[in-house]
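These protein sequence lines map, in sequence, to chains B and D.
Using the numbering used here, read the first sequence as starting at 788 and increasing by one per residue.
Using the numbering used here, read the second sequence as starting at 788 and increasing by one per residue.
Using N, Cα and C, we set each Cβ at its ideal position, and we do this for glycine too.
These numbers were taken from a predicted model, which means no experiment stands behind them.
Number of protein chains: 2
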Amino acid sequence: MSDEQVAAPTNRRRISQRGIATRERILEAANRLMFVRGVNATTLDDIREASQTSKSQLYHHFADKQELVRALVKYRGALVLQRERGGLERLRSFSGLVRWRNALVKANSLNNGRYGCGLGSMAVELSDQDEQARSMLLETFAAWEKLISDGLHRMRDSGALRPDADPEKLATGLMAALQGGYLLANAAHNVAPMEVALDMALEHIKSYLSEPSGEPTR
Amino acid sequence: MSDEQVAAPTNRRRISQRGIATRERILEAANRLMFVRGVNATTLDDIREASQTSKSQLYHHFADKQELVRALVKYRGALVLQRERGGLERLRSFSGLVRWRNALVKANSLNNGRYGCGLGSMAVELSDQDEQARSMLLETFAAWEKLISDGLHRMRDSGALRPDADPEKLATGLMAALQGGYLLANAAHNVAPMEVALDMALEHIKSYLSEPSGEPTR
DNA sequence: CACGGCCAGGACCGAATAGTCCCGGAAGGC
DNA sequence: GCCTTCCGGGACTATTCGGTCCTGGCCGTG
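Shown next as structure tokens:
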């Protein structure tokens, strides 16, 4: 772990492109398998096989399973944030939110609602058993919510949202609806509940839109 | 399971009060432990120890761990529905919903948001690994939502809710907000997100209240 | 009061899975 | 072009945990 700190006299490069590729392959396999089976139900042998590597590599790149899981939390968090940045960074209007909603629903409908949210599932499974994983997930959720609330702030600044709208609370509510929607959709093997949940959150945000464009509740 | 059906000639009582008590003790212990550690992270030895019983009892009352987990799903589902029936059966007004919300938040705040919803956590952990458990959880969620939507129907029939309110969708949205709130609160070790989520859902329902009592959006 | 069935206890077994070790071989510097 | 260094492979070990089995004793019944 921290023995990279101990710089040997001769500049030794402990990084190698092949090594990085292997590490990536392991994480990618862990990501796939743990997404569908859950973290605890996935064995290291499953991962080894799926990643076309070996035990020694797993333990070369990760101290133990817990470390691998933590690395996965980081990995998956980065993936989600990157994806979400694409959909939210330029958010400036309500219709942008609708497009964002549609993209999430569409993606999840490919699985018929199964598996839920990569981050949400891990949060449920790990929050009570790995404090460090929990706090990383918490940060990721915060960053994700911030992408949303930043967009809402822009909408408020531009006058699209009324001044009394609270972007942070709206973002939290939307995130909860999203996560709850994922959860119910997973239990139902059907995206419908997720759609209903997101539509509720969007209607709630809609109720904070400024008058000009019409504010009929229905 | 169904071998009680096969009635032997002589009326043999296979039930005994002590046996029932033991079974109950096992389920109660499993309920407690799996609530805080999660299902997969709880071992049968943990349960045996916590319930002051032995291995043979576990396997006397349950065929295997999976059966125990399924029994727990039923057990916990019954508990939740019973609790929720108390809070929702007489629901007739918006303030009743607020009281219901407050009770849930208060209960969860005792854990500082930890552990989440007993049903929701199981749904996440089991949906991808036990089809039967998933469908039982799905039914339980449906029954829970029905308690809510029945109340909303009563409110609509009495004129408290506008005719264009859709009790089923509102109930699904509320349930998603609740589950998402539990999830975020668990990750944060803080009930705040759950409160925000529930308040969003309640405000959404509020927007469907009839005019007379005032309909200020804010 | 004796007998038989059911329940509690816990030692024991086997499989699965996390984690270790050693060797072969490729890559890159001297 | 050799030699050190690090990466990859997979056999091996240890442990945990689900599941079995045998023993003893309590309880109700004839």
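| query | result |
| --- | --- |
| is_contact[HIS940(B), chain D] using C-beta, thresh 7 Å | no |
| Interface positions of the stretch 903-932 of chain D facing chain B (Cβ-Cβ less than 7 Å), listed along the chain | GLY903, GLY907, SER908, ALA910, VAL911, GLU912, SER914, ASP915, GLN916, ARG921, LEU924, LEU925, PHE928 |
| Proximity test, Cβ basis, 7 Å: LEU948(D) and chain B | no |
| Under 7 Å between C-beta atoms of ILE813(B) and THR840(B) | yes |
| Validate contact between the stretch 936-949 of chain D and the stretch 963-975 of chain B using beta carbons, cut 8 Å, 3 pairs | no |
| Own chain partners of MET788(B) with C-beta closer than 6 Å, once the 5 adjacent residues on each side are dropped | Since pLDDT at MET788(B) reaches only 35, below the 50 mark, its modelled position is unreliable, and the value read off the structure follows with that caveat. Excluding positions up to five away in sequence, the list is empty. |
| Test item: CB-CB of PHE849(D) and GLY905(D) under 7 Å | no |
| Status (buried if at least 16 other CB within 10 Å, exposed otherwise) for THR830(D) | exposed |
| N-terminal and C-terminal residue of the alpha helix (DSSP H) that GLU876(D) is part of | Premise fails: GLU876(D) is in no alpha helix (DSSP H) and is neither H nor E. |
| Chain D contact residues for ARG824(B), given Cβ-Cβ distances below 9 Å | ASP915, GLN916 |
| For LEU831(B), the three-state DSSP class (helix, strand or coil) | helix |
| Check whether ALA816(B) and SER843(B) have beta carbons under 7 Å apart | no |
| Minimum C-alpha distance to ALA974(B) - residue among ASN898(B), ALA988(B), LEU855(B), LEU891(B) | ASN898(B) |
| Short Cβ contact (7 Å threshold) for ARG888(D) with LEU985(D) | yes |
| Listed by chain order, chain B residues near ALA828(D) by CB distance under 9 Å | ASN827, GLU912, ASP915, GLN916 |
| Three-way DSSP call (helix, strand, coil) for THR1004(B) in this model | Any reading at THR1004(B) must be qualified, since the residue scores a pLDDT of 48, below 50, and its modelled position is unreliable; the value itself is stated next. Coil, per DSSP. |
| Per-residue contacts from LYS956(D) into chain B (C-beta, under 7 Å) | VAL983 |
| Residues of the stretch 960-985 of chain D whose Cβ lies closer than 7 Å to any Cβ of chain B, in chain order | GLY960, MET962, ALA963, ALA964, LEU965, GLN966, GLY967, GLY968, LEU970, LEU971, ASN973, ALA974, ALA975, PRO980, VAL983, ALA984 |
| Whole-angstrom distance between PRO950(D) and SER880(D), CA atom to CA atom | 15 Å |
| Own chain partners of LEU996(B) with C-beta closer than 8 Å, once the 5 adjacent residues on each side are dropped | PHE881, ALA947, LEU948, ARG949, GLU1002 |
| Closer than 6 Å: SER945(B) CB and nearest the ligand GTP heavy atom | Ligands in the displayed structure: none, and consequently the ligand GTP is not present. |
| Residues of its chain near VAL892(D), where Cβ-Cβ distance is below 8 Å and the 5 sequence neighbours each way are ignored | VAL978, MET981, GLU982, LEU985 |
| Option in ARG805(B), VAL867(B), ASP832(B), GLY864(B) with minimal Cα separation from ASP851(B) | ASP832(B) |
| C-alpha gap between ASP915(B) and GLU912(D), whole angstroms | 13 Å |
| Cutoff 7 Å: MET987(D) Cβ touching any chain B Cβ | yes |
| Chain-order list of residues whose beta-carbon lies under 7 Å from that of ALA794(B) (same chain, five-residue window excluded) | In this prediction, ALA794(B) scores a pLDDT of 32, lower than 50, which makes its location untrustworthy; the coordinate-derived value is nonetheless stated afterwards. Cβ neighbours of ALA794(B) beyond the five flanking positions: none. |
| Whether GLY864(B) touches LEU970(D) by CB criterion (7 Å) | no |
| Minimum Cβ-Cβ distance from HIS848(B) to chain D less than 7 Å | no |
| Per-residue contacts from ARG805(D) into chain B (C-beta, under 7 Å) | Within 7 Å Cβ-Cβ: nothing; ARG805(D) doesn't reach chain B, min ~33 Å. |
| Length of the line joining the Cα atoms of TRP931(D) and LEU868(D) | 6 Å |
| Beta-carbon proximity check, HIS976(D) vs ARG901(D), cutoff 7 Å | yes |
| Which of helix, strand or coil DSSP assigns to LEU985(B) | helix |
| For ALA920(D) and ARG819(D), believed in contact at Cβ under 8 Å, the rounded distance | Their Cβ separation, rounded to whole angstroms, is 19 Å, which puts ARG819(D) and ALA920(D) out of contact at 8 Å. |
| Strand pairing of LEU948(B), partner residues [DSSP] | LEU996(B) |
| Separation of ASP917(D) from ALA828(B), as counted between CA atoms | 12 Å |
| Segments assigned alpha helix (DSSP H), at least 4 residues, entirely inside the stretch 907-974 of chain D | 918-944 |
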